[in-house]
Amino acid sequence: MTPAKTLRIDRIACTGRGLCGELLPELIDLDEWGYPIIKGSAVPDRLRAHARRAVAACPRLALHADDAPV
151 MTPAKTLRID RIACTGRGLC GELLPELIDL DEWGYPIIKG SAVPDRLRAH ARRAVAACPR
211 LALHADDAPV
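Here the sequence shown is numbered in our numbering, starting from 151 and rising by one per residue.
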């Protein structure tokens, strides 16, 4: 069993391009300026591949998937 992942946004690095919300709409909403709002930080197993893709695609490297604290 792999450890649970959580999403985290570096609010200082984020410039609100909204790519993460387009790639992972199940977990990330965008506010009216395009900045992400994480719906629930825990990433379900079925969305892990999509979360990895969204993290890798962030142009400012502001989206992170970390191991959940135990």
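C-beta atoms are modelled at their ideal positions from N, C-alpha and C, and glycine is treated no differently.
Just so we're clear, the structure is a prediction, and the values are computed from it rather than from any experiment.
For the set Leu174, Val205, Thr165, the Cα lying nearest the Cα of Trp183 is the one of Thr165.
In this structure, the CA atom of Ala207 is about 8 Å from the CA atom of Cys170. At the C-beta level, Pro209 and Arg167 come within 8 Å of one another.
If you compare the alpha carbons of Ala204, Leu197, Ala199, Pro153 with that of Glu172, the shortest gap goes to Ala204. Secondary structure at Leu177: coil, using DSSP grouped into helix, strand and coil. Secondary structure in the region 169-219: the alpha helix (DSSP H) runs of 4 residues or longer, each lying completely within the stretch, are 169-173, 198-207 in chain order.
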